[in-house]
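Please read the structure below before turning to the comments.
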Amino acid sequence: MPAIVEVQNYSWEYLNTDQPALNNITMTIDEGTFVGVIGPNGSGKTTLAYSLDGLIPGQYHGIKQGSVKILGREVEEYPRGELQRQVGVVFSDPESQFTAMTVEDELVFGMENLGMSIPEIRERLDWVLDLTNLAPLLNKPPYEISGGQKQRVALAAVLAMTPKIMILDEPTSMLDPLSRRRVFDVLARLKKEQKNTIIVIEHSLENLIPLADRMILLSQGEITMDGPTTDFFQHIDLLLEKGISPPGAMRFFYELKRAGVYRGDFPLTAEEGWKHLERLFENSTTEGYPL
Amino acid sequence: MSENKAFIQVQNLSYSYLDGTQALSQINLEIVKGEFIALIGQNGSGKTTLSKCLNGLFKPTTGDVIVEGLNSKNTSIVQMVRRVGYVFQNPDHQLFNNNCWDEIAYGPRNILLPEDEVKVRVQEAADVVGLPEMYFSEHPFFLTKGLRQRVAIASILALRPQVIIVDEPTTGQDASQSYEIMGFLKNLNKEHGHTVMIITHDMPIVAQYARRVIAMGMGRVMADGSTSEVFKQADILAKTFLEPPQITQLAQLASGLGFNPGTLSVDEMVKQYQALKQA
């Protein structure tokens, strides 16, 4: 598949700062990939999101070097509003993007703004309602619903515009576990049914890992690690060094490996860990080596 | 004085909001000095309402909250908040003074302590949270979230409450920032003898720091016990849509091999592995 995002030797420095927020980043993302971006606070994750949807350099002052291309075209070269049809962004604080008095208006607003026909708006509305389970809330004001519901409205409003690329910046950091799971359920369906390119910035690794095809670690404005999810999480040392806390099952097998009793891959989920563990106990004759 | 005597007793507590929504029903629990408790549950399960009943901001609709022998029904909020302090989820909802010193002094001044005593309290609270003097004249909004949280906690500590309730201390923080805040709360509990209760959705944090877990669902206490005991009850947790941390899930999947389904840490899991392999 062709690259939908191409970032080449890209640096961005906000005005009045002495260090670039992103420093000489190079990466490409193929269409249809689900990418997880992690890194400590202040590592440049949100700056990367802003850079891909044109908020940078459009709405911020600073110095740009290098190139950021979406669908083969430099972000500054898109006419105003055009890039936002291709790239949809959901932030951790969904209220900041609400403008309408009812959930329905909120969902329809973006599509009307793009000049879609009423039958098409209706069709897309049905589709996003099904995906996000929001039908019962259509007539409610967006400020009267719960945090998790707000986040699904924000997600649905962006989805309705069917952007080629969806960026979610810590979409669940303010949510409780149930709402968090519902947001990730929507993302799982999107990945399966729509083949969108999805970029998720998250601290909550346990939900992200099973969905991500590829992971990127940012640290102090640079890409420290970038690779397929399974390969990426074989480098636990580096993750720990960068202040990332991998999920428990992974850390358990990491400790076994350090103790010299395990040589296989680190599991991405509790279930995978359980399979590894079963094999370790079955093969007591081979000193616990599953390979 | 007996160590086991409850500092807080909650008896048949129910609370309904003015619009009739019942937020809490029939809560019974006791909290002893020196505990480190995690209050968990989905949003809307009653965690914050319960906290506000414990510090007297809300009075029970029926039932009683008794703190150090005082029934919250006929005790002023001033008397209550000197015993049970509540730190808001978002420090920015709590901080409103122009500099950190005034922020921390606000509570002591509000309970009409003489200015000499206010000074002592502010200095003491700033010391406990590790807020350097250079920040005293700073506007709280120019500090990092971690420091703002410390100022928010200091402003509550200045009232010298025995119990301190912190609502979602690690939300929005990355791993190392979370460990810093939690390390500080652990120290408040261990070194300074405060009873600490955190409200959180972060189960690995609960497993690592809390010795007791109270799980709430639909305004009721669904489970209450040692962290290990509560996380063992996967079926009850599932009813409240909560999941134990991943290492506990792994131990539960592997319980047939002899792993303890109440395992809370990677270290514990490794030790069990070694013991089981040798056996």
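Protein chains in written order, with this note's numbering: chain P, 33 to 323; chain B, 131 to 409.
Idealized CB from N, CA, C, for every residue including glycine.
Which value, in whole angstroms, describes the spacing of the CA atoms of Thr49/P and Met346/B? Each residue's Cα considered, the two are about 46 Å apart.
Which whole runs of the beta strand (DSSP E) in the region 298 to 363 of chain B are 3 residues long or more, in chain order? The qualifying runs are 325 to 329, 342 to 347, 350 to 356.
Name, in chain order, the residues that DSSP records as bridge partners for Phe137/B. Answer is none; Phe137/B lacks a bridge partner.
Taking Leu54/P as part of the beta strand (DSSP E), name the residues at either end of that continuous run. Per DSSP, the unbroken beta strand (DSSP E) holding Leu54/P starts and ends at 54 to 62.
Would Glu303/P be called buried (16 or more neighbouring beta carbons within 10 Å of its own) or exposed? Glu303/P comes out exposed.
Interface flag, Thr318/P vs chain B, CB-CB below 7 Å: Note on Thr318/P: pLDDT 46, under 50, position unreliable in the model; the coordinate value appears next. It does not; no Cβ of chain B falls within 7 Å.
Kindly list the residues whose CB is nearer than 7 Å to the CB of Glu63/P, restricted to its own chain and excluding five residues on each side of it in sequence; keep chain order. So the qualifying residues of the chain are Met33, Pro34, Ile36, Thr229.
What does a CB cutoff of less than 6 Å around Leu170/P pick up in its chain, not counting 5 residues either side in sequence? For Leu170/P, where only same-chain residues beyond five positions count, the Cβ hits under 6 Å are Val135, Glu136.
Should Glu273/P go down as buried or exposed, given a rule of 16 or more other Cβ atoms within 10 Å for buried? Looking at its Cβ environment, which holds fewer than 16 other Cβ atoms inside 10 Å, Glu273/P is exposed.
State the DSSP-derived secondary structure class of Pro260/P, mapped to helix, strand or coil. Reduced to three states, the DSSP call for Pro260/P is strand.
Going straight from the alpha carbon of Ser211/P to that of Arg290/B, what length do you get? Their backbone Cα atoms lie some 36 Å apart in a straight line.
Looking at chain B, which residues of the region 189 to 210 of chain P have a Cβ within less than 9 Å of any of its Cβ atoms? Residues Glu202, Ser205, Met206, Leu207, Asp208, Pro209, Leu210.
Does any C-beta atom of chain P lie closer than 7 Å to the C-beta of Met399/B? Yes, because at least one Cβ of chain P sits closer than 7 Å to the Cβ of Met399/B.
Looking at C-alpha atoms only, which residue of Gly275/P, Thr79/P, Phe298/P, Phe265/P is the closest neighbour of Gly71/P? Measuring from the Cα of Gly71/P, the nearest candidate turns out to be Gly275/P.
Looking at Thr58/P: is its Cβ nearer than 7 Å to the Cβ of Asn41/P? The Cβ-Cβ distance between Thr58/P and Asn41/P falls below 7 Å.
So what does DSSP say about Gly185/P, is it helix, strand or coil? Contrary to the premise, residue 185/P reads as Val rather than Gly in this sequence. Three-state result, Val185/P: helix.
Apart from the five residues just before and just after Val208/B, which ones in its own chain have a Cβ nearer than 7 Å to its Cβ? For Val208/B, the CB contacts under 7 Å within the same chain, skipping 5 residues up- and downstream, are Ile241 in chain order.
To the nearest angstrom, how far is it from the Cα of Leu323/P to the Cα of Gln139/B? Bear in mind that a pLDDT of 43 at Leu323/P, under 50, signals an unreliable position, so the model cannot answer this.
Rank Gly237/B, Glu298/B, Phe188/B by C-alpha distance to the C-alpha of Arg251/B and give the top, closest one. Among Gly237/B, Glu298/B, Phe188/B, the Cα nearest to that of Arg251/B belongs to Gly237/B.
Pull the bridge partners of Arg38/P from the DSSP assignment, please. The question names Arg, but residue 38/P in the sequence shown is Glu. According to DSSP, which records beta bridges pairwise, Glu38/P is partnered with Thr60/P, Lys101/P.
In chain B, which residues lie less than 9 Å from Pro168/P when you measure between Cβ atoms? Chain-order list of chain B residues neighbouring Pro168/P: empty, with the shortest C-beta distance near 16 Å, by a criterion of under 9 Å.
Per-residue contacts from His267/P into chain B (C-beta, under 8 Å): Within chain B, no residue comes near His267/P; the closest Cβ sits about 16 Å away, beyond 8 Å.
Report yes or no: do the region 315 to 334 of chain B and the region 89 to 100 of chain P share at least 3 C-beta pairs separated by less than 8 Å? Short answer: they don't touch.
Interfacial residues, the region 363 to 386 of chain B to chain P, with Cβ spacing under 8 Å: Going along the region 363 to 386 of chain B in chain order, one finds Phe371, Leu372, Glu373, Pro375, Gln376, Ile377, Thr378, Gln379, Leu380, Leu383, Ala384 with a Cβ nearer than 8 Å to chain P.
Which same chain residues, not among the five before or five after Gly176/B, have their C-beta less than 6 Å away from its C-beta? So the qualifying residues of the chain are Ala153, Leu154, Met346, Gly349.
Report all residues from its chain with a CB closer than 8 Å to the CB of Val351/B; omit the five preceding and five following residues, and keep chain order. Sequence-distant partners of Val351/B (beyond 5 residues in either direction) whose C-beta falls short of 8 Å from its own C-beta, in its chain, are Ile157, Asn158, Leu159, Ile344, Ala345.
Measure the C-alpha to C-alpha separation of Glu225/P and Glu38/P and round it to an integer number of angstroms. If I take the Cα positions, the gap works out to 25 Å.
Cut-off 6 Å between Cβ atoms - residues of its own chain near Leu161/P, not counting five sequence neighbours on either side: Only Ala167 meet the Cβ criterion.
Fully enclosed by the region 171 to 254 of chain P, which beta strand (DSSP E) runs are 3 residues long or longer? Here the runs fully enclosed are 197 to 201, 229 to 233, 246 to 251.
Would you report the Cα separation of Asp245/P and Phe361/B, rounded to the nearest angstrom? Rounded to whole angstroms, Asp245/P to Phe361/B spans 31 Å at the Cα level.
Expressed to the nearest angstrom, what Euclidean distance is found between the alpha-carbon atoms of Lys275/B and Ala409/B? Answer to the nearest angstrom: the Cα atoms are 49 Å apart.
Quick check on Glu233/B: does DSSP put it in helix, strand or coil? Glu233/B falls in the helix class under three-state DSSP.
Contact set for Leu270/P: own chain, Cβ-Cβ below 8 Å, skip 5 residues either direction: Leu249, Thr256, Met257.
Thinking C-beta only, is Ala305/B closer than 7 Å to Ser251/P? No, the Cβ-Cβ distance between Ser251/P and Ala305/B is not below 7 Å.
Buried or exposed for Asp149/B, going by 16 or more other Cβ atoms inside 10 Å? Result: exposed.
Any residues in the region 277 to 297 of chain P with a beta carbon nearer than 9 Å to a beta carbon of chain B? Which ones, in chain order? The region 277 to 297 of chain P vs chain B, Cβ under 9 Å: Ser277, Pro279, Gly280, Ala281, Met282, Arg283, Phe284, Tyr286, Glu287, Leu288, Ala291, Val293.
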